[in-house]
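Let me begin by presenting the structure, written as structure tokens, before commenting on it.
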Amino acid sequence: MILAHLLVGAKHLLVGAQHLRRRRRVSLLAAGVLEGREREETLAHLEACPRCRAAHDELRAIVAAMEHDPLREAEPPVPLAFLVARVEREVERSLAPAGRPR
Amino acid sequence: MEPSRGGAGDRELMARLAAGDREALAPLMERHYRRLYRIALSYLRQPDDALDVVQEAFVKAFQSASRWDGSAEAGPWLARITVNLAIDRWRRNRRRAQTFTPLAENDHAASLADLGPSPDHRVQGREAGERVAAALAGLPERQRAVVVLRHYQDMSLEEIAGALEMSLGTVKSSLHRALGRMRVALAGGRP
Numbered sequence: 001m002i003l004a005h006l007l008v009g010a011k012h013l014l015v016g017a018q019h020l021r022r023r024r025r026v027s028l029l030a031a032g033v034l035e036g037r038e039r040e041e042t043l044a045h046l047e048a049c050p051r052c053r054a055a056h057d058e059l060r061a062i063v064a065a066m067e068h069d070p071l072r073e074a075e076p077p078v079p080l081a082f083l084v085a086r087v088e089r090e091v092e093r094s095l096a097p098a099g100r101p102r
Numbered sequence: 103m104e105p106s107r108g109g110a111g112d113r114e115l116m117a118r119l120a121a122g123d124r125e126a127l128a129p130l131m132e133r134h135y136r137r138l139y140r141i142a143l144s145y146l147r148q149p150d151d152a153l154d155v156v157q158e159a160f161v162k163a164f165q166s167a168s169r170w171d172g173s174a175e176a177g178p179w180l181a182r183i184t185v186n187l188a189i190d191r192w193r194r195n196r197r198r199a200q201t202f203t204p205l206a207e208n209d210h211a212a213s214l215a216d217l218g219p220s221p222d223h224r225v226q227g228r229e230a231g232e233r234v235a236a237a238l239a240g241l242p243e244r245q246r247a248v249v250v251l252r253h254y255q256d257m258s259l260e261e262i263a264g265a266l267e268m269s270l271g272t273v274k275s276s277l278h279r280a281l282g283r284m285r286v287a288l289a290g291g292r293p
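Read top to bottom, the protein sequences are chains A and B.
Under this note's numbering, the first residue of the first sequence is numbered 1, with each subsequent residue one higher.
Under this note's numbering, the first residue of the second sequence is numbered 103, with each subsequent residue one higher.
Set out below in structure tokens:
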């Protein structure tokens, strides 16, 4: 009896770990970073699993929204010369001896 | 990440900075300031804050140039400084409660559906971007940094691992968890 319970528990753990690994691969596929055999296996799984396919489609929509965000191409709001001057001023200040006598 | 525009040029400029040559700052900034600004802006989403972070990053680069590993690329090293400064700035802003306004309750249910195609592409794109930005703002700091470097800077997992000083496995887990959290946030808490 106890052995049967243990076996059922172990099976649930195994299925849970497999599910987590699949979900991680689905996320990485949506992020465009899954390669090789893992990518092929995950694509095949998506064909057979509507839940994972729906999750993948939602994640892809999020990724696409980020990849089309105009912020990616934003130009700095000040000319380079202005920024260089700010940095040089700060560098100058950081090199000045501390606690200069008045 | 942007293609390298000549590692040797960067190395030479970094060597000059390490020797205390302030004249090397301007050409180094010219090569990298746009990319660093976009990293900071994607993380903070505030142009003034992003500009301050870029300024701090170059000051820090000058101060730390003597400790720079001469065999390393300057681009990822500068990206690392910038991301860490952006995270610090984000923490300070959060403490001052100047962060994002959360999504309105009734915005949640339709959020994921609204990310799909729409006839008015420009408006749809902007609104989708704002919803996704709000979900991004709700992520833990490091997960947020991983998402920004991957999806706003197109960095590879290896480059992200280098920039954030994380293992490759941690970068993968962080990306998976972050995208999962964003999905839940945009679906109004539905897993």
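Ideal placement from N, C-alpha and C gives every residue a C-beta, glycine not left out.
Task: Closer than 9 Å at the beta carbon, the chain A residues around Pro149/B - done: Ala74, Pro76 and Pro77
TODO: List in chain order: all unbroken beta strand (DSSP E) runs of 3+ residues lying wholly within the region 145–191 of chain B.
DONE: none
TODO: Closer than 8 Å by beta-carbon distance: list the chain A residues that pair up with Arg285/B, in chain order.
DONE: What Arg285/B touches in chain A: Ala55, Glu58, Leu59 and Ile62.
Open item on the list: Extract the residue ranges of the alpha helix (DSSP H) inside the region 232–272 of chain B, only unbroken runs of 4 or more that lie entirely within it.
Closed with: As for any alpha helix (DSSP H) of minimum length 4 sitting wholly inside the region 232–272 of chain B, the runs are 243–253 and 259–266, ordered along the chain.
Open item on the list: Taking only three categories from DSSP, how would you classify Asp57/A?
Closed with: helix
Task: Anticipated Cβ contact below 8 Å, Glu91/A with Met131/B, distance rounded - done: For clarity, residue 91/A is Val in the given sequence; the question names Glu instead. Going by Cβ atoms, the distance from Val91/A to Met131/B rounds to 11 Å, so no, they are not a contact pair.
Task: Beta-carbon proximity of Leu153/B to Leu71/A, cut-off 8 Å - done: no
Task: Proximity to Ala239/B [Cα-Cα], best of Ile262/B, Glu261/B, Met268/B and Leu288/B - done: It is Leu288/B whose Cα lies nearest to the Cα of Ala239/B.
Open item on the list: Please list, in chain order, the residues of the region 106–134 of chain B that have any C-beta partner in chain A closer than 8 Å.
Closed with: Arg124, Leu127, Ala128, Met131 and Glu132
TODO: Give the DSSP-derived three-state secondary structure of Glu108/A in the structure shown.
DONE: In the structure as shown, chain A starts at 1 and stops at 102, and residue 108/A therefore has no counterpart that could be examined.
Task: Collapsed DSSP secondary structure at Glu35/A in the structure displayed - done: coil
- [ ] Kindly say whether Tyr145/B, judged by its beta-carbon, lies nearer than 8 Å to any beta-carbon of chain A.
- [x] no
Open item on the list: Would Leu241/B and Ala167/B be called neighbours here (beta carbons separated by less than 8 Å)?
Closed with: Not a contact, by the Cβ cut-off of 8 Å.
Open item on the list: If you follow the alpha helix (DSSP H) that Asp112/B is in, where does it begin and where does it stop?
Closed with: Gly109 to Ala120
Open item on the list: For the region 160–174 of chain B, list every residue whose C-beta sits within 8 Å of some C-beta in chain A, in sequence order.
Closed with: Phe160, Val161, Phe164 and Gln165
Task: Cut-off 8 Å between Cβ atoms - residues of its own chain near Ser276/B, not counting five sequence neighbours on either side - done: Arg244, Gln245, Val248 and Met268
Open item on the list: Which of the three DSSP states is assigned to Pro97/A in this structure?
Closed with: coil
Open item on the list: Is it buried or exposed, Pro76/A, if we count other Cβ atoms within 10 angstroms and call 16 or more buried?
Closed with: Classification of Pro76/A: buried, given that the 10 Å Cβ count is 16 or more.
Open item on the list: If I measure Cβ to Cβ from Gly32/A and keep anything under 8 Å in the same chain, skipping five residues before and after, which residues do I get?
Closed with: Val63
Open item on the list: Can you pull the chain B neighbours of Arg24/A, defined as C-beta to C-beta under 8 Å?
Closed with: Lys274, Ser275 and His278
- [ ] Decide if Gln255/B is buried, meaning its Cβ has at least 16 other Cβ atoms within 10 Å, or exposed.
- [x] Looking at its Cβ environment, which holds 16 or more other Cβ atoms inside 10 Å, Gln255/B is buried.
- [ ] Identify the contact partners of Glu88/A in chain B, using a Cβ-Cβ distance below 7 Å as the criterion.
- [x] Arg124 and Leu127
- [ ] Could you have a look at Ile4/A and say whether DSSP puts it in helix, strand or coil?
- [x] Before going on, a small fix: residue 4/A reads as Ala here, not Ile. Residue state, collapsed to three classes: helix.
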